[in-house]
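Encoded as structure tokens, the structure appears first; notes follow it.
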Amino acid sequence: MTALDYDVAVIGLGAMGSAALAHLSARGQRVLGLEAYSPAHGLSSSHGDSRIIRLGYFEDPSYVPLLRRAYENWRALERDTGRDVLTITGVLQIGRPDSPIVSGTLASCRAYDLDHEVLDRADMARRYPAFALDADEIAVFETQGGFVRPEAAVAACLDLARRNGAQIRMPARVTAIAPDDGGVTLHIGTERVRVGRVVAATGPWIGQLIPALAALASPIRQVVAWYAPKDEAATALGTMPVFLRDAGPVGSFFGFPQLDGAGVKVGKHAHFREPITDPDAPNPPVNDADTALLDDFIARRLPLAAGRRLAATTCRYTMLPGEDFLLDTLPGAPNVVVASPCSGHGYKFASVVGEILADLAQHGETALPITAFSFAALEAKAATA
Ligand SMILES: Cc1cc2nc3c(=O)[nH]c(=O)nc-3n(C[C@H](O)[C@H](O)[C@H](O)COP(=O)(O)OP(=O)(O)OC[C@H]3O[C@@H](n4cnc5c(N)ncnc54)[C@H](O)[C@@H]3O)c2cc1C
7 MTALDYDVAV IGLGAMGSAA LAHLSARGQR VLGLEAYSPA HGLSSSHGDS
57 RIIRLGYFED PSYVPLLRRA YENWRALERD TGRDVLTITG VLQIGRPDSP
107 IVSGTLASCR AYDLDHEVLD RADMARRYPA FALDADEIAV FETQGGFVRP
157 EAAVAACLDL ARRNGAQIRM PARVTAIAPD DGGVTLHIGT ERVRVGRVVA
207 ATGPWIGQLI PALAALASPI RQVVAWYAPK DEAATALGTM PVFLRDAGPV
257 GSFFGFPQLD GAGVKVGKHA HFREPITDPD APNPPVNDAD TALLDDFIAR
307 RLPLAAGRRL AATTCRYTML PGEDFLLDTL PGAPNVVVAS PCSGHGYKFA
357 SVVGEILADL AQHGETALPI TAFSFAALEA KAATA
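Written as structure tokens, this is what we have:
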């Protein structure tokens with residue numbers, strides 16, 4: 007049996023991998039981080055200035071305990087690195103009372119006694135004039151909402167990991183993993199590295215390294231745009247909260263106040279659901295249909311933000327059946343820990359996902375509540391999707 011070069015290798019250093027590397031290195035593990043490109047690069051899912059974080063999870067109240075831990079871990083990362091990662095603005099979740107966003111947020115807030123207010127159209131006009139509501143729409147304002155800065159968070163995790171002695175190689179692409187009873191052999195081109203366990207956190211590329219996910223994980227194209235506000239004060243950070251807005255059969259939109267001089271950012275969840283077949287291919291240019299969708303939304307729903315469009319960019323969601331997460335060891339290969347890219351709503355969790363992945367890599371289990379994110383649960387969701 008060959009000696010191990012490292013206790014654990016983390017493959018992919020985006021949101022999830024960089025957080026796992028930070029947690030593992032803080033526990034004194036000998037860790038190697040491998041990244042095919044660079045931190046939070048333009049083909050990854052972790053660029054674009056901001057990601058919403060919220061406690062009152064409309065998708066399912068069972069996420070709330072993990073979110074509480076995520077908030078604690080983001081604050082710990084800030085303390086450990088001196089970087090500004092998490093900003094609290096409050097979050098507005100807007101729609102008709104029976105919409106999934108509004109009713110689900112209220113269910114979470116009530117189940118966990120989260121600080122929130124219900125605002126009608128008149129309340130909104132007085133308090134948050136940037137938003138235009140229909141007469142039958144309301145907003146749930148949850149005070150603990152805000153945003154995480156993805157590029158800064160990845161950089162902070164990598165700073166911390168380096169400080170704790172982690173080895174980081176980039177660009178370095180893992181071309182195959184070969185687990186056996188004593189560990190895992192990594193193929194990096196023609197080079198071989200022997201490790202005890204691996205964490206595979208390769209985002210939109212997850213199906214390449216983990217064939218069991220090839221048919222289940224679907225990378226899709228996502229577009230966001232930034233606008234110069236018509237009203238600086240109403241859209242300023244400190245005045246305008248982050249938001250999610252139900253749009254009925256069309257889906258939902260999300261957005262952020264002005265940040266670092268870049269304007270107001272908006273996007274539509276899952277945009278046009280266009281599949282990406284080759285994650286290494288350059289992003290196709292943002293086109294007129296992309297911008298028309300976002301221009302129309304901002305003109306009708308955020309009129310005080312609807313000045314000139316300043317920029318638009320492409321990112322990637324990677325969807326799993328049920329739009330859920332997968333955090334588990336690979337069936338038949340307990341030395342391989344797999345993190346899915348979390349179906350377009352995972353960034354806020356990255357700080358706790360890193361802890362979970364470190365637990366799974368170190369001990370094969372975690373005390374954090376992840377039974378809903380197992381391979382078995384994924385197969386059940388796939389069967390009913
Ligand atoms: C526009 C947009 C808006 C979003 N908004 C929100 C939001 O408001 N709130 C929220 O919580 N979430 C949001 N998300 C989702 C969130 O950003 C993702 O869940 C998260 O970024 C996924 O991170 P990841 O680490 O899995 O993937 P990535 O960040 O893509 O990282 C994977 C890394 O693995 C590397 N890699 C791949 N293959 C290999 C290999 N073989 N060897 C070495 N390295 C490899 C890649 O180069 C990449 O850097 C949004 C996503 C997008 C695109």
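Using our numbering, you'd call the opening residue of the sequence shown number 7 and step up by one each time. Cβ coordinates follow ideal geometry from the N, Cα and C atoms, glycine included.
Pick helix, strand or coil for D129, following the three-state DSSP scheme.
Residue numbering aside, residue 129 sits at position 123 when the sequence shown is read from its first letter. The answer is helix: DSSP assigns D129 an H, G or I state.
What do you reckon, are the CB atoms on H277 and Q228 nearer than 8 Å?
Residue mapping note: residue 277 aligns to position 271 of the sequence shown, counting from 1. Residue mapping note: residue 228 aligns to position 222 of the sequence shown, counting from 1. Yes, these two residues count as a Cβ contact at 8 Å.
According to the neighbour-count rule (16 or more other Cβ atoms, all chains shown, within 10 Å of its Cβ), is S44 buried or exposed?
Residue 44 sits at position 38 when you count from the first residue of the sequence shown. Classification of S44: exposed, given that the 10 Å Cβ count is below 16.
Using a threshold of 8 Å, state whether the C-beta atoms of F249 and V108 are closer than that.
In the sequence shown, the residue the question calls residue 249 occupies position 243. In the sequence shown, the residue the question calls residue 108 occupies position 102. Cβ atoms of F249 and V108: not closer than 8 Å.
Please report the distance separating the alpha-carbon of V91 from that of G261.
Within the sequence shown, numbered from 1, the residue matching residue 91 stands at position 85. Within the sequence shown, numbered from 1, the residue matching residue 261 stands at position 255. Near 18 Å, if we compare the C-alpha coordinates of G261 and V91.
For P235, count the other beta carbons within 10 Å of its own beta carbon; 16 or more makes it buried, fewer makes it exposed. Which is it?
Along the sequence shown, one-based indexing puts residue 235 at 229. With 16 or more other Cβ atoms within 10 Å, it is buried.
Please identify the residue among D286, S24 and D284 whose C-alpha is closest to the C-alpha of N170.
Counted from its first residue, the sequence shown places residue 170 at position 164. For the residues D286, S24 and D284, the minimum Cα distance to N170 belongs to S24.
G261 bridges to which residues according to DSSP?
Reading the sequence shown from its first residue, position 255 is the one you call residue 261. Beta-bridge pairing links G261 to F249 and V272.
Should A21 be listed as close to ligand 1, given that the test is whether its C-beta is under 7 Å from any heavy atom?
Position 15 of the sequence shown holds residue 21. The answer is yes for A21.
Are the CB atoms of I144 and D126 nearer to each other than 8 Å?
Reading the sequence shown from its first residue, position 138 is the one you call residue 144. Reading the sequence shown from its first residue, position 120 is the one you call residue 126. In contact: I144 and D126 (Cβ atoms closer than 8 Å).
Near P135, which residues of its chain fall below 8 Å by C-beta distance, leaving aside the five closest residues on each side in sequence?
Stepping through the sequence shown from its first residue, residue 135 is reached at position 129. These residues qualify, in order along the chain: D237, A240 and L310.
In chain order, what residues of the same chain lie with their CB nearer than 6 Å to the CB of W232, ignoring the 5 residues before and after it?
Taking the first residue of the sequence shown as position 1, residue 232 is located at position 226. Once the five neighbours on either side are set aside, the close Cβ partners of W232 are A268, G269, K271, L316 and A317.
Leaving aside the five residues before and after A21 along the sequence, list all residues of the same chain whose C-beta is less than 6 Å from its C-beta, in chain order.
Your numbering for residue 21 matches position 15 in the sequence shown. Contacts found: S52, Y353 and A356.
Entirely within the stretch 135-222 and at least 3 residues each: give me those beta strand (DSSP E) ranges in chain order.
144-148, 152-154, 173-175, 182-186, 189-194 and 197-206
Among V230, F147 and D86, which has the Cα closest to the Cα of P291?
One-based indexing of the sequence shown puts residue 291 at position 285. That would be V230, whose Cα lies nearest to the Cα of P291.
Within this structure, are the beta carbons of P225 and T95 separated by less than 8 Å?
Here residue 225 refers to the residue found at position 219 of the sequence shown. Here residue 95 refers to the residue found at position 89 of the sequence shown. Result no, Cβ atoms of P225 and T95 do not sit closer than 8 Å.
For the beta strand (DSSP E) containing A318, name the first residue and the last one.
For the purposes of this step, residue 318 is identified with residue 312 of the sequence shown, where counting begins at 1. Taken as a continuous stretch (DSSP letters only), the beta strand (DSSP E) holding A318 covers R315 to M325.
Taking the alpha-carbon positions, what's the G18 to A218 distance?
Along the sequence shown, one-based indexing puts residue 18 at 12. Along the sequence shown, one-based indexing puts residue 218 at 212. Using only the alpha carbons, I get a separation of about 18 Å.
Sorted by chain position, which residues of the same chain lie with C-beta nearer than 7 Å to T297's C-beta, five sequence neighbours on each side aside?
Taking the first residue of the sequence shown as 1, we reach residue 297 at position 291. The residues are A231, R315 and A318.
If you scan the stretch 42-67 from start to end, which runs of the beta strand (DSSP E) of 3 or more residues do you find wholly inside it?
57-59
Under the three-state reduction of DSSP, which class applies to I282: helix, strand or coil?
Stepping through the sequence shown from its first residue, residue 282 is reached at position 276. Here I282 sits in coil by DSSP.
On the three-state DSSP scale, how would you describe D86?
Along the sequence shown, read from residue 1 onward, the residue named residue 86 stands at position 80. Looking at D86 - three-state DSSP - the assignment turns out to be helix.
Hey, how far is the Cα of A386 from the Cα of D330?
For the purposes of this step, residue 386 is identified with residue 380 of the sequence shown, where counting begins at 1. For the purposes of this step, residue 330 is identified with residue 324 of the sequence shown, where counting begins at 1. Going by the C-alpha atoms only, they are around 12 Å apart.
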